[in-house]
Structures are given as structure tokens and as C-alpha cells.
RNA sequence: CGGAGUAUAGCUCAGCCUGGUAGAGCGCUUGCUUCGGGAGCAAGAGGUCGUUGGUUCGAAUCCAGCUACUCCGACCA
């Protein structure tokens, strides 16, 4: 993308409304624009990041055996009356009437609808296990939206729903999502720690929140510090075999949010392993058995010929929230430091003198080769001054810069700058291009 | 939903207390000079001061209603 043809309304000053760093940086970098309280337009740069997060979520869900579909944003109130939640949900639910006075709602979640779809088609245990998911905009009329996309009213969420014949298999489905989440957040450069969450009326141990540690986190969390650096199992696990060890490895160490905190258990940890910090919830997985399948009559026939309500779980990821969470976890005083996997652009070619023919020729070479290789490259071909360009590139957090100016070209070198490391290296144009291409595969 | 605020140029804000017909910086346009860390000079464009009503000879300024937004708290992917 040539910057002269792009739409990047970056701001020098942060609008006064923004309180936390991710909100400020998203506004300053021209990623989002607030259209109403808790409702944002995603400008081109922000949209690129959102799409990359969405893509990683999709790839990891697919890998774990979930199947993508797309359910509508609007739902019929009658569907929610089947589960009893139409009256139970309260004013957070946005209720709408169409021209025929039919009651609709803008979906805050999709348990009812997915159960309705499931029951319409699936009748036998032979069709299980099944995990259906989508990534769709939700609306919850929060009393007090804040923190930009971290706590918006309209938000993009990945929600998956598992269906199994019994609890044993439901636990396996839960474990698949547990492991998929570890991989998914790790790919985005996040250290997300699974923590015991409230299981509500079902009870048991099958609900976890995935928490990213960040100073500006919304809630206080407590955990064994080993969990933070434990890493992810990776894609090569035996998805339909035994994942329990991966889950046990993490759930055996203490980790809880404030609501679930057990001070005595935490105090029992070795002093140097006690970690008390702020956290951002980026995912939540939940087993809820027959809470929806029973009242909504989503029955499957087992091998014994008996009909039982499906055992269900749901698995959410705050996709739009993740964009903010990643920034909270990765920034400095100059701007965002994107992990490469979610960076809006992987490399930027920065022309220091747009009116210099040699500089332009070198830039075109670099940009052309990067684009040809499928790299998301940005070419700053504007006539701005170098200082302004560097500031903008640092603000929007491009991981690698190839800086090309007349002085360097005279001695046959360009600069390769790494945003995260803060390093600048001089090398030939070809070497810089190759480094960017090579760094990608790693 | 309780409490507290804010609303003036694209952004950050001043002006309001003590009414007299709107300003600064940044950004934007044009020109010249600049050009390796958010340049300098010059000339410009841009605002029915959130909205409705009231007081007044006169309202950005005082009063009331409404709307939107923000902050603190309680609640949430």
C-alpha cells in the first residue's frame, strides 16, 4: 500500500475522551473512530488488525475441529422465550420491533440460535462431536461503555458451541477449546493465562477465563507465576486423543480472578511464585450441560436408543477487544509495538526523499519485491520530513522499516529498523529485503 | 442505575465568573526556503459557540429544559 493513496488519519494529540493507552493509541493511529458511546467505526488500519486477529482465531478453531458458520445479528424474541432468557436478560439486551410489530433483539450471544439450528438437523450420536462457531458482531447495551474497543457496546466476538452425547465427551470438547485458546493467544504474541471462573448453576471445574496480564486490566488476578511463561502446546497435539495432560498442567497451578480468589490457596504458594496483577479477559470457555438443550428440546439418540438432551459448552473470544488488549500488552511511549502476526503492515519502506530519483527507484524496488512475495508492505512515498515519518511509523507500530535516503544510497546502504528491538542496521538494499522476507517465515 | 462533569475550528484548549457580536497552538490550503527525528517565513481557508426556550437594547457568557459525550462507583466478551 502506498501511503499517498491510503487513508491513515493519524493524530498528533490524543482526543481527551481516551483514558487508557490502547484507546489513545487506536485513536491517534487512525484505527477507529467513535460513532456513539461504545460504538466504533473501524478505519482501514484498525480493520487490517481486526481481520488478522479474526484470521488467527479462525485458523486455530478450524485446527481444533470446530466448523465455521454465520448466524445473523438479529434474532426473534420468541427464540429467547424458549430458554427463558428473554425476560431474564435485562436492559443489556437491545430490543427492537420490526414494521409488523414483531419483537426482535440484537444478539448479545447465540446459545439459543445455535441450539435451534442443531436440533433441526442433528438427531444421532453418530453426528457427534460437533462444534459450530462464528465470528459475528454482538451488542450489549452496557451501562457504561469505556476503554474504547475494550469495553464497547458493539463488539466482534467469536463464539463456539460444542455438542456431545455425554459429559465425558463434553469434557474432551472442552479440552480441545482449552488447548486451541492457548495456541490462539500465543500466536498473537499474548501471554494468556487460563483462570478458574465461576461455573454458575452447573458447578464443577469446567469454566475458565483466559486473562492477558496488563497494568490497565479491568480486574485483579492472582496466579502462580510459572503459568505466565508456560507457553502453548502448539498445533501438533493429538486433538481427538488425550489433551487432559495439557489442561492439567495448567489447571493444577493456582490461578483465579478476584471473584474466584482463594486467599488461603494463594498464600500457600512459594513467595517468589506469587503473582498478583491486573488482567484483561480475552476469552471465556464454559461447559453448561443441558441448560439450553433440555428446555429447547435439542435431543439426540444414543447408541442405546435412548434420547438425551445434548451436552453443550460455549467458548467465547473477544475479537475486537483483543485488538485493544494486544496494544495494552505491547506498546511504548512512542506508540504501538505490534506482534508481527497481527501487525497491520509487516514492513514499511520509508522514503526519506520522495523527490530524489535514486531514492524513489530503490524504494520502488524494495516495495515491489515485498508485494510480489505477498508481504503486507506499506510504502511511505509522501514528501513529509523524516522526523514526521518516523514518528508516524512508530505510532502505528510497523515491525520492520526499510529506511531509504540519499546519504545511505551514496555508500550503497539502506537502514533496517526493528520497532520492538529498537535496532537500526545498515546493509545493502537486497540484504534488507531478504531479511524482511526471511523474517516472515520464522 | 447512583454520583460528578463536559459540550466553542478537524484535534487540544482559552474566552464565560464581571453580557457588547469569537481566539491560540497543532492540523489544513498556497508560495518560497528547507529536508536523517513531528521545520521556518509569508499569505489564506475554516466556527448559526450541542440544542430549544427564557432574561436582556444586546447572550458563547446569566437561567431552565432537552440531547450527546466523559469520569468515579456498582455490572460485563
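In our numbering, the protein residues as written are 1 to 442. Glycine residues also receive a C-beta, built at the ideal position from the N, C-alpha and C atoms. All of these numbers come straight from a predicted model, not from anything done at the bench.
Contact set for residue i: own chain, Cβ-Cβ below 8 Å, skip 5 residues either direction
{"i": "residue 375", "result": "346, 347, 436, 437, 440"}
{"i": "residue 6", "result": "44, 378"}
{"i": "residue 442", "result": "Low per-residue confidence applies at residue 442: pLDDT is 49, beneath 50, and the placement is therefore not dependable enough to give any value."}
{"i": "residue 128", "result": "122, 163, 164, 165, 169, 300, 310"}
{"i": "residue 272", "result": "225"}
{"i": "residue 125", "result": "165, 300, 301, 302, 303"}
{"i": "residue 98", "result": "104"}
Contact under 8 Å by Cβ, residue i with residue j
{"i": "residue 113", "j": "residue 327", "result": "no"}
{"i": "residue 132", "j": "residue 161", "result": "yes"}
{"i": "residue 105", "j": "residue 96", "result": "yes"}
{"i": "residue 382", "j": "residue 4", "result": "yes"}
{"i": "residue 61", "j": "residue 49", "result": "no"}
{"i": "residue 52", "j": "residue 341", "result": "yes"}
{"i": "residue 21", "j": "residue 331", "result": "yes"}
{"i": "residue 392", "j": "residue 10", "result": "yes"}
{"i": "residue 283", "j": "residue 217", "result": "no"}
{"i": "residue 370", "j": "residue 433", "result": "yes"}
{"i": "residue 82", "j": "residue 295", "result": "yes"}
{"i": "residue 57", "j": "residue 158", "result": "yes"}
{"i": "residue 321", "j": "residue 155", "result": "yes"}
{"i": "residue 414", "j": "residue 403", "result": "yes"}
{"i": "residue 119", "j": "residue 297", "result": "yes"}
One or two residues paired with residue i in a DSSP bridge
{"i": "residue 223", "result": "255, 275"}
{"i": "residue 335", "result": "332"}
{"i": "residue 423", "result": "418"}
{"i": "residue 135", "result": "158"}
{"i": "residue 208", "result": "196, 285"}
{"i": "residue 2", "result": "379"}
{"i": "residue 309", "result": "299"}
Same chain, Cβ closer than 7 Å to residue i, five either side skipped, listed in chain order
{"i": "residue 329", "result": "190, 212, 214"}
{"i": "residue 140", "result": "92, 108, 153"}
{"i": "residue 293", "result": "115, 309, 310, 312"}
{"i": "residue 235", "result": "63, 183"}
{"i": "residue 239", "result": "64, 65, 176"}
{"i": "residue 244", "result": "175"}
{"i": "residue 80", "result": "86, 105, 112"}
DSSP three-state assignment for residue i, whether helix, strand or coil
{"i": "residue 106", "result": "strand"}
{"i": "residue 269", "result": "coil"}
{"i": "residue 301", "result": "strand"}
{"i": "residue 147", "result": "coil"}
{"i": "residue 156", "result": "strand"}
{"i": "residue 442", "result": "In this prediction, residue 442 has a pLDDT of 49, which is less than 50 and means its spatial position is unreliable; nothing more can be read from the coordinates."}
{"i": "residue 100", "result": "coil"}
{"i": "residue 36", "result": "strand"}
{"i": "residue 213", "result": "strand"}
{"i": "residue 293", "result": "coil"}
{"i": "residue 405", "result": "coil"}
{"i": "residue 239", "result": "coil"}
{"i": "residue 387", "result": "helix"}
{"i": "residue 140", "result": "coil"}
{"i": "residue 7", "result": "coil"}
{"i": "residue 324", "result": "helix"}
{"i": "residue 56", "result": "helix"}
{"i": "residue 19", "result": "coil"}
{"i": "residue 380", "result": "strand"}
{"i": "residue 345", "result": "coil"}
{"i": "residue 319", "result": "helix"}
{"i": "residue 190", "result": "coil"}
{"i": "residue 165", "result": "coil"}
{"i": "residue 83", "result": "helix"}
{"i": "residue 95", "result": "strand"}
{"i": "residue 13", "result": "coil"}
{"i": "residue 180", "result": "helix"}
Sequence-distant residues of its chain with Cβ nearer than 6 Å to residue i (five each side left out)
{"i": "residue 398", "result": "345, 348"}
{"i": "residue 425", "result": "416"}
{"i": "residue 222", "result": "256, 261, 266, 276"}
{"i": "residue 352", "result": "386, 405"}
{"i": "residue 206", "result": "174, 287"}
{"i": "residue 365", "result": "none"}
Closer than 7 Å: residue i CB and nearest the ligand GTP heavy atom
{"i": "residue 153", "result": "This structure does not include the ligand GTP; it has no bound ligands of any sort."}
| query | Does the stretch 217 to 234 touch the stretch 81 to 96, meaning 3 or more C-beta pairs lie closer than 8 Å? | reply | no
| request: Report yes or no: do the stretch 135 to 143 and the stretch 63 to 76 share at least 3 C-beta pairs separated by less than 8 Å? | output: yes
| Below 8 Å, can you find three or more Cβ-Cβ pairs linking the stretch 171 to 187 to the stretch 139 to 150? | no
| Taking one C-beta from the stretch 334 to 343 and one from the stretch 11 to 30 each time, how about it: are there three or more such pairs within less than 8 Å? | Between the stretch 334 to 343 and the stretch 11 to 30 there are three or more C-beta pairs closer than 8 Å, enough to call the two in contact.
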